[in-house]
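*Asks:* Taken in order, these protein sequences are the chains called A and B. Read in UniProt numbering, the first sequence has 282 at position 282, and its numbers run on one by one without any break. Read in UniProt numbering, the second sequence has 170 at position 170, and its numbers run on one by one without any break. For every residue, glycine included, the Cβ atom is placed at its ideal position computed from N, Cα and C. First the structure, which I've put down as structure tokens, then a few questions once you've had a look.
Number of protein chains: 2
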Amino acid sequence: MNTEKKLIFGHKNPDTDTIASALIYADLKKQLGEEAEAVRLGEVGAETQYALDHFGMEAPRLVERVSDEVDTVILVDHNEFQQSADDIRDVQVAEVIDHHRIANFETEGPLYYRAEPVGCTATILKKMYAEHGKDISKEVAGLMISAIISDSLLFKSPTCTEEDKRAAEELAVTAQVNLEEYGLEMLKAGADMSSKSVDQLLTMDAKEFTMGPHTVKVAQVNVVDADDVLNRKEDVLQAMEQEVSSNSYGLFALAVTDILSNDSILLTAGGEEKAVEQAFDVTLNEHEALLEGVVSRKKQIVPPLTNALS
Amino acid sequence: MNTEKKLIFGHKNPDTDTIASALIYADLKKQLGEEAEAVRLGEVGAETQYALDHFGMEAPRLVERVSDEVDTVILVDHNEFQQSADDIRDVQVAEVIDHHRIANFETEGPLYYRAEPVGCTATILKKMYAEHGKDISKEVAGLMISAIISDSLLFKSPTCTEEDKRAAEELAVTAQVNLEEYGLEMLKAGADMSSKSVDQLLTMDAKEFTMGPHTVKVAQVNVVDADDVLNRKEDVLQAMEQEVSSNSYGLFALAVTDILSNDSILLTAGGEEKAVEQAFDVTLNEHEALLEGVVSRKKQIVPPLTNALS
């Protein structure tokens, strides 16, 4: 047990912001003379790997449990315990840097908690480098840009703020990339779903939420061609039904988000399925509905669903 | 309903930091061109009134409910819903500025949340003035000093950090006060318990906490003479027992904190009373124990109790 070192990690089913933010904050901590190591709670996706490769960075180490190694951790890009390490309640959370709602999170004592309603955790971290008067290397700038583009779908998501956009533009100089070109290549690298198994589709970016009395899972995949998923719709729905019954979910929704048209097709399973119709004012047709202009799970899917189920 | 304006308020049973922080943040918001009004959820205590009078400030307006007036609020100096407005779940929490643990708090969407493990909310607010490049008036400096001295018991509490102390020293110049002299007068103004009713002793600074399966109330009074409370011990204990049964508390603890010796005498009631012995390694003698060097509810009372009860 290392009582000096802190582990820094983002949520399960890590996306680019989660992996990047852990690496970025570990770099800042190192510059500040603190002992901290970035780790991850799941596999690195193709989009994230593209970003890591482009900037010559290694993925953080994979861990299953954290309390065997340290007694104190730092969470980035999440706070809800069901999205965190399985043994998160056995360690002390010293810091959280995040841009999500707060729920199912508690501590015994005071902590440093910094959440801002911006599009991406990396945008907050960029500001923290400035506050501490520390330099952002080309590699760290590249990770920040990748995280911002990923979470904002190249600035198209309603979660994207002026601050995210301005941060990315400033960082593009340091990282020496063209935002549009690099961004589209990175998103495309993560959006080929034709080779993914049904199981992978449902787990690569899936989060659980507590909504009213129900546990709800919302998974999301980015595509350039929705048929990559829809031509296996029956298999996908069957696997979702199985997850619903084995985990007692009230609802399992899979958002298939087209990164070019910026619409999502929602596939649904579970006893509370009808809440989707109320939440988005749509009619489900064979467990499927088109949500026009919806790309953000956090801002456009979770709040109306929470509302409908509470 | 004013959908532009936000109400800013601290916890129920307001102390000096809660009242001061609401007024301070409303001043900063005004300077930033945002419409926000400081309000309070309870009566102003003698210590706080001394500070307000000294710097020529008015107490914020008392409110019972907030959702009739606004749809968005800002919390200062607390986050736990049971310490907040009764209808807190009916409004949106846009921001939290706090220095306590996080528990029983959740939002539907992203927010601005800023917690730092310092001794006082006003210390964080002072930093925010600097970040926004705004000036701190003599009155606001006085409120900040009063909040820091109150929460730190004149820098004696273990919750007091170097940052709190440095902030108070800097602000003393603007506020034109001698910290030690002003601080002791202010603390003494709030520490005369001889004229308080038993009911007042138990409610003036009382907070509820969820600890494991139990609801626990921890009240605290500052005294210069513990006999102000102890010569009414039987009446106090009886009133505590009544509260325990009408509210199903697992434990009700009253900390009588001597601001000169920096020790506390704990009086206890409730079925989980024995947890106090385990938490503080003391033996209760007729529902009473001396906790040497204990002045901070947040840092020295709540964590060990939570531990013992979880």
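Can you tell me whether A:K127 is helix, strand or coil according to DSSP?
*Replies:* If DSSP states are grouped into helix, strand and coil, A:K127 belongs with the helices.
*Asks:* Does any residue of chain A have a CB that is nearer than 8 angstroms to the CB of B:H100?
*Replies:* Yes, contact with chain A.
*Asks:* Tell me where the alpha helix (DSSP H) around B:I300 begins and ends.
*Replies:* Residue identity differs from the one stated: residue 300 of chain B is Gln in this sequence, not Ile. Element bounds for B:Q300: n/a, residue is neither H nor E.
*Asks:* So what does DSSP say about B:F209, is it helix, strand or coil?
*Replies:* B:F209 falls in the strand class under three-state DSSP.
*Asks:* Which first and last residues belong to the beta strand (DSSP E) in which A:T268 is found?
*Replies:* Start and end: 264-269.
*Asks:* Select from B:T123, B:E106, B:E34 the residue whose C-alpha is nearest the C-alpha of B:T18.
*Replies:* For the residues B:T123, B:E106, B:E34, the minimum Cα distance to B:T18 belongs to B:T123.
*Asks:* By the DSSP assignment, the alpha helix (DSSP H) with B:H214 in it spans what residues?
*Replies:* No alpha helix (DSSP H) holds B:H214; the beta strand (DSSP E) holding it covers 214-223.
*Asks:* Using DSSP bridges, identify the partner residues of B:L291.
*Replies:* In the DSSP output, where bridge partners are listed per residue, B:L291 has B:S264.
*Asks:* Within 10 angstroms of the Cβ of B:D15, are there 16 or more other Cβ atoms? Answer buried if so, exposed if not.
*Replies:* Looking at its Cβ environment, which holds 16 or more other Cβ atoms inside 10 Å, B:D15 is buried.
*Asks:* Measuring only the C-alpha atoms, how far is A:D228 from A:A26?
*Replies:* Taking the straight line from one Cα to the other gives about 37 angstroms.
*Asks:* Nearest-angstrom Cα distance between A:D135 and A:T159?
*Replies:* Straight-line Cα distance between these residues: approximately 27 angstroms.
*Asks:* Assuming contact is defined by CB atoms lying nearer than 8 angstroms, are A:V223 and A:V173 in contact in what I supplied?
*Replies:* For A:V223 and A:V173, no; Cβs fall outside 8 angstroms.
*Asks:* List, in order along the chain, the chain A residues whose C-beta lies closer than 8 angstroms to that of B:L111?
*Replies:* Simply R101, I102, A115, P117.
*Asks:* If you draw a straight line from the alpha carbon of B:D258 to that of B:L230, how long is it in whole angstroms?
*Replies:* Taking the straight line joining both Cα atoms gives about 12 angstroms.
*Asks:* Could you check whether B:Y112 and A:A115 sit closer than 8 angstroms to each other, using their CB atoms as the reference points?
*Replies:* Contact flag set, yes.
*Asks:* What beta strand (DSSP E) runs, 3 residues minimum, are completely inside the region 10-87 of chain A?
*Replies:* Listed in chain order, the complete beta strand (DSSP E) runs (minimum 3 residues) inside the region 10-87 of chain A are 36-40, 72-76.
*Asks:* What is the residue span of the alpha helix (DSSP H) that A:A182 lies within?
*Replies:* A small fix is needed here, since residue 182 of chain A is Tyr in this sequence, not Ala. Its alpha helix (DSSP H) spans residues 179-189.
*Asks:* State yes or no: is the beta carbon of A:K298 nearer than 8 angstroms to at least one beta carbon in chain B?
*Replies:* It does; some Cβ of chain B falls within 8 angstroms.
*Asks:* Find out if the Cβ-Cβ distance for the pair A:F105, B:I102 is shorter than 8 angstroms.
*Replies:* Yes, they are a contact pair.
*Asks:* How would you label A:P213, buried or exposed, when you count the other beta carbons within 10 angstroms and need 16 or more for buried?
*Replies:* Burial call: exposed.
*Asks:* Going by Cα to Cα distance, which pick from A:F252, A:L179, A:N79, A:S246 is closest to A:L237?
*Replies:* Nearest of A:F252, A:L179, A:N79, A:S246 to A:L237, Cα basis: A:F252.
*Asks:* DSSP beta-bridge partners for A:L254?
*Replies:* Paired residues: A:A219, A:L267.
*Asks:* Mind checking whether the beta-carbon of B:L267 lies closer than 7 angstroms to any heavy atom of the ligand ZN?
*Replies:* Among the ligands in the structure shown, none appear at all, so the ligand ZN cannot be discussed.
*Asks:* Apart from the five residues just before and just after B:Q300, which ones in its own chain have a Cβ nearer than 7 angstroms to its Cβ?
*Replies:* So the list reads P158, V294, once near-sequence residues are dropped.
*Asks:* Output yes if chain B places a C-beta closer than 8 angstroms to the C-beta of A:E163; else output no.
*Replies:* Output row for A:E163: interface = no.
*Asks:* Run through DSSP, which three-state label would B:N231 get?
*Replies:* It is coil, neither helix nor strand.
*Asks:* Hey, how far is the Cα of B:A51 from the Cα of B:A20?
*Replies:* C-alpha separation (whole angstroms): 9 angstroms.
*Asks:* Do the region 80-95 of chain A and the region 54-65 of chain A meet, that is, are 3 or more Cβ pairs less than 8 angstroms apart?
*Replies:* Flag = yes, the region 80-95 of chain A and the region 54-65 of chain A touch.
*Asks:* Residues in its own chain within less than 7 angstroms of B:V118 by CB, not counting five upstream and five downstream?
*Replies:* So the qualifying residues of the chain are H99, I124, T161, E163, D164.
*Asks:* Identify whether B:V198 lies in helix, strand or coil by the three-state DSSP scheme.
*Replies:* Here B:V198 sits in helix by DSSP.
*Asks:* Can you pull the chain B residues whose beta carbon is under 8 angstroms from the beta carbon of A:P213, in chain order?
*Replies:* Within chain B, no residue comes near A:P213; the closest Cβ sits about 14 angstroms away, beyond 8 angstroms.
*Asks:* Terminal residues of the continuous beta strand (DSSP E) containing B:V93?
*Replies:* Per DSSP, B:V93 belongs to the beta strand (DSSP E) from 92-98.
*Asks:* B:E108 CB to nearest chain A CB: under 8 angstroms?
*Replies:* B:E108 counts as touching chain A.
*Asks:* List the residues of chain A whose Cβ lies closer than 7 angstroms to the Cβ of B:F81, in chain order.
*Replies:* Residues of chain A passing the Cβ test: none, with the nearest at roughly 12 angstroms.
*Asks:* Bridge partners for B:N2 per DSSP, in chain order?
*Replies:* B:V70.
*Asks:* Below 7 angstroms on C-beta distance, what does A:F105 contact in chain B?
*Replies:* Going along chain B in sequence order, the residues near A:F105 (Cβ under 7 angstroms) are I102.
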